[in-house]
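Protein chains in written order, with the UniProt record's numbering: chain A, 1 to 375; chain B, 1 to 375; chain C, 1 to 375; chain D, 1 to 375.
First comes the structure, then the notes that go with it.
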């Protein structure tokens, strides 16, 4: 007699294979789920392995379009960066995978959900918070297989002083080995998300979300863009060292920052900057599916209504250089800013503006003078 | 009979020379003041020119040490970046120059202060706010000479779509022409400010603030680091296009972010991040000498007490790569973070932590379900 | 020949009558505009006076419904309080009046707008910013008539130590003279705005915005609710003493805070609290019609979608006492909170939650111990 | 053989007496600790009871002076209010008691600490976080005795709609039964904390922290000040109903807000307001002894340097009325604010100030016009 069904997030690797076997031994029916979010994986081999190990059912699903559009695009709109540096690649993948896993569990009538994320990391939290948020009655099994080879790799980097080995990186070329000629791109935005990328030197042009993002990953990877080596603060309060590659995300962050500042009102931008920082913390901590993150996403999306236009940039040797930008919605007024044209702007107003701003500063200084004299 | 004395911020250029002559014609005694904050200038030629044009007295002062220590270092501690990109190079120079000019005016009994900063820019505001803050009774003369050659240059860049000409940059090499071998540096911090920089490949080592900063400017410039092309929001509410080079500042920003995150408590960091954004806005807008900026600087300095240690980094082709870091004050606990060691950390606690964090999310979902069922 | 048309915000008082005459003498056609936003005024007398003084046209308009619904309700949703105390009564009236005045000016083809607000206060700023925001080409005439009787009254209160005279207050009874029996009310909210108020002791019940707000003003006034005596910071940076009466607004603030905390998610509330503080500053400073205030209002309105339910309260001797509340959308779970019922809540989870939260604190203490031991 | 020593927070009540007996039965030596923080308690009876039940040692300590000075005063400086309403009475008591309990445990060499705070509330968290923060190796025993009589009382209030019974309140008179004549007080502050309170109608005057606070509790209690009935969000994410009495704290909050706004620069106040909200959340959640709360307290204390002067106020029927204030450090400039005196203030500056502030708003409107015309 089965104890019930478990939907297991299955990678085909040793960790989750062990979990599959263990769950079966405990008397559960195991349904495996493997999401394709663009990782380099032999999906068919994973399917066969799961079946061989006794999975009752195997789901393998391509979530790539959905991942880019529903999870990466909002992060782009938010200029999402955790602790000033980390672009949240893993953090946005977790809720995407887990929400589909919950759908499968509901559909299959499974009461349990299982995964192999490590107990000390953030991924367990992100995974389980998503499951509880979307399926309050569910019971997640968290199994930390903690394989030696992983620990071995971690081992080296766990000393924050050690330099990362050159062969660690998978998505990005070493900048020192990257091409000596830049690629120049034009990225077009509407509502704060990219709708087109064109290579200014050849005829390449992409327009679907997945194609755009994949192409930016390819160009960024080719030029070694988006490598960082950081120490970050995990949600649970310990510091950990992380090395990340985010080639496409890094290009998009630069381009979006540029078109946003070009088209968004200054004060809206200040408020939105605060919301973006909040969004990044929420996503990092696993709260994508929370009332507050839904609220923040709504507000950020609202702020993007006029974020529209084209940014030209150059990608070269690990760095992104903005070259220029244009927009039908720009608040940039060439005539107003020009030093040759007086236009609406009366220099005398500036004096008044400065003097009024100084009222408070002068009073403050006088008060200090008053204090001094009493000493 | 003189109408009184004016202390004029004099550059030796055409603009401020015109102002000097004009002020004399109006019947003022003119004292010129030229600050050396590291710009490339023939100071003696400026002195002679001022004297020839009838300056009553000429001050030329080397403020470089003071500029680095009292103005740049606090910006480094703050990770000061305006609107996510601009490193505030000009913004921090203004209060440094103006505060000395005020000292001279007080010493010389001058009632007037004058400068040639443009009426549409931020520099007039920064200059005048500083003067009013430090010398409430002063009267600033603002003279916008608006020379053609400047306007001409501005003219090209005022179209935000135009790419910057390659020969525009003065401090930084074009990354495409920069060396094919990186320079690897080790920067040592105490109280969040650099106290030593060493080149890991040769025996170069610098320890005074000015030497450290000059050396980082030199290395950064050699590798084309710190160029940005942005549209920014001026204090007065118009957008303007700016192209900046901040080689040393960019290296320091990377290194400081790294050592800070390594040594500072997570939640202190969050609060301090907000203060740093505030600091950047205040400095950009000219409020260095304001009660709120003094308060914020005090708080930020307090947060830096344990920001101590060494960061190793590589500078190459326009980019800064962090390689590793170490600190006697680090809150990084290698044993705690290690996947091999259980230590103090009980995985069962993580489950409790997650479940408590999910209490709210589950209630929210149930309430939505309850609402659904009523429809 | 007329120099053009001016729309003058006309009160019928001595100040604006002087301005009317002066503008006519300067050769302008004067159109007067008087808005009824609930003040105690003889509107017909004002109409006759304006006509007698030579107004070309006289507008008198009842904006009360619009004022309550479009300006006061958003302030209620925001829990709008400036500097922790001031409920922004005047601040929200200004944009309401000025936007209608702009409409009239556009309709009448008038290039000028004029008002009698004092040059040192905030009202001039609020008035003129609204005009420029809605009618960028307009030219406002600001005329500070500064009559003696006003200055006289101001005179007393300008010494912040002087107590306000008892006969100063117009809307509220002195609490010491107010009834010895409380009025108990039930206010019903939907989308964060009141849709009904009922007196629990008689059969009174109001449902239109204007009736609700007027009734709350009446009850609050009867019991001396909403008097404050504060020193506030004006936009232009000087401090001023203000004495305000906001009887209905004070009752609504209490009731709205209660139903909001009852129905809104904790973390949404935190973010919304920050937006409410921002909203208050913007409105105080005159930026109702700004991109950022529109953005903030949109976000706040979004946060109010579930703010629904009934609050029972007692009004007595200058104070509002919340008695109880109920809501179909409450996130309050009586079963979950009960100490008698275990339900979903496992005490063991709390231990895990606490221990994980303490990871960081323990590390911090150990690091300090480590530092100590080295001394 | 003893399993070791436990320091038990002992109240003398049934709950903690049960825990004492149980711990002894488990083989522990029990040291009881009872802190006098001003509660109404028979301390000697508690001592005897503990000894009779087998406590190895009994600590009863008067922490009242320390509680007021080190915990309440910083909360006063912060204007600490959780979720806009709760004055954090319990929240600040917990770290005060727990830090002393930790000292005793260290002194006695006890490895365990125990308390009877309920598992669902915030007090367990506050207690245990403090213990871990100050004594990282300690092991807290959390024992929820959950007595019926408490649950019974909770039972009524757990329905958020039920009105609180009139006899619930212990510190405050029912406002309807309170005196018909107000008490008028003058509170003097230095560094943002009260240094003296004087009754303006009799000769009462208090100057020590404990006396000041006790006297304000007495006066506030006599007039029914400081009762609130709220629903609040606990740290663990559930909503709970709370009824609180904070008579002295409520008077101090009003008075401190007043003297602070009177003496503190406007922009410092804005930043400090944000820090005060942060402080309130941290204290509510139990993080008094955390690096971030220490940092915030330091910053807030810095902001209070000029918060000095006297506030006169009236306490009557549940409400506090500010009457006037004076200060040698005030930034209030009677001459500047006066409408009769022109002084330094040039009305023309205000026009310039407004026009510059409107630059952005006008551009925004023009852009919208441009968009409209394209539709």
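Glycine included, each C-beta is placed from N, C-alpha and C at the ideal position.
None of these values were measured; they are calculated from a predicted model.
Contact under 9 Å by Cβ, residue i with residue j
i                      : j                      : result
residue 302 of chain B : residue 299 of chain D : yes
residue 251 of chain C : residue 313 of chain C : yes
residue 36 of chain D  : residue 61 of chain D  : yes
residue 418 of chain D : residue 276 of chain D : This structure gives no information on residue 418 of chain D, because the portion of chain D shown stretches from 1 to 375.
residue 111 of chain A : residue 5 of chain A   : yes
residue 122 of chain D : residue 234 of chain D : yes
residue 359 of chain B : residue 367 of chain D : no
residue 82 of chain A  : residue 283 of chain A : yes
residue 305 of chain C : residue 191 of chain C : yes
Euclidean distance between Cα positions of residue i and residue j
i                      : j                      : result
residue 27 of chain B  : residue 48 of chain B  : 21 Å
residue 219 of chain D : residue 182 of chain D : 10 Å
residue 153 of chain D : residue 164 of chain D : Bear in mind that the predicted position of residue 153 of chain D carries a pLDDT of just 48, short of 50, making it unreliable; the figure below should be weighed with that in mind. Rounded to whole angstroms, residue 153 of chain D to residue 164 of chain D spans 10 Å at the Cα level.
residue 132 of chain D : residue 226 of chain A : 39 Å
residue 374 of chain A : residue 137 of chain B : Because the pLDDT of residue 374 of chain A is 35, which lies under 50, any placement of that residue in the model is unreliable, and the number read from its coordinates should be weighed accordingly. Roughly 20 Å separates the two Cα atoms.
residue 76 of chain B  : residue 158 of chain C : 44 Å
residue 9 of chain A   : residue 20 of chain A  : 10 Å
residue 209 of chain A : residue 188 of chain A : 12 Å
residue 96 of chain B  : residue 17 of chain C  : 51 Å
residue 149 of chain D : residue 324 of chain D : Confidence at residue 149 of chain D is low in this model, with a pLDDT of 39, below 50, so its placement is unreliable and the value that follows should be read with caution. Going from the Cα of residue 149 of chain D to the Cα of residue 324 of chain D covers about 47 Å.
Presumed contact (8 Å Cβ cut-off) between residue i and residue j, rounded CB distance
i                      : j                      : result
residue 263 of chain A : residue 330 of chain A : 5 Å
residue 268 of chain C : residue 281 of chain A : Going by Cβ atoms, the distance from residue 268 of chain C to residue 281 of chain A rounds to 15 Å, so no, they are not a contact pair.
residue 185 of chain C : residue 166 of chain C : Not quite, the Cβ-Cβ distance comes to about 27 Å (not below 8 Å), so this is no contact.
residue 221 of chain D : residue 194 of chain D : Contact flag wrong, Cβ pair sits at about 17 Å.
residue 126 of chain A : residue 286 of chain A : 3 Å
residue 320 of chain C : residue 254 of chain C : 4 Å
residue 258 of chain B : residue 296 of chain B : Going by Cβ atoms, the distance from residue 258 of chain B to residue 296 of chain B rounds to 22 Å, so no, they are not a contact pair.
residue 33 of chain B  : residue 101 of chain B : 5 Å
residue 244 of chain D : residue 352 of chain D : With a Cβ gap of about 50 Å, residue 244 of chain D and residue 352 of chain D do not count as contacting.
Continuous beta strand (DSSP E) stretch holding residue i: start and end
i                      : result
residue 333 of chain D : No beta strand (DSSP E) contains residue 333 of chain D, which DSSP labels as neither H nor E.
residue 256 of chain C : No beta strand (DSSP E) contains residue 256 of chain C, which is instead part of the alpha helix (DSSP H) from 247-263.
residue 319 of chain C : 319-326
residue 165 of chain A : Here residue 165 of chain A belongs to no beta strand (DSSP E), and DSSP marks it neither H nor E.
Closer than 8 Å: residue i CB and nearest the ligand GDP heavy atom
i                      : result
residue 208 of chain D : Looking for the ligand GDP in the displayed structure turns up nothing, as the structure carries no ligands at all.
Span of the alpha helix (DSSP H), counted from its first residue to its last, around residue i
i                      : result
residue 24 of chain B  : 14-25
residue 281 of chain B : 266-285
residue 223 of chain B : Careful: residue 223 of chain B lies outside any alpha helix (DSSP H) and carries neither H nor E.
residue 51 of chain A  : 43-52
Those residues which DSSP pairs with residue i across a bridge
i                      : result
residue 5 of chain C   : C/29
residue 198 of chain B : B/186 and B/205
residue 315 of chain C : C/183 and C/320
residue 241 of chain A : A/231
residue 193 of chain B : B/190
residue 58 of chain C  : C/32
residue 113 of chain D : D/7 and D/140
residue 86 of chain A  : A/82
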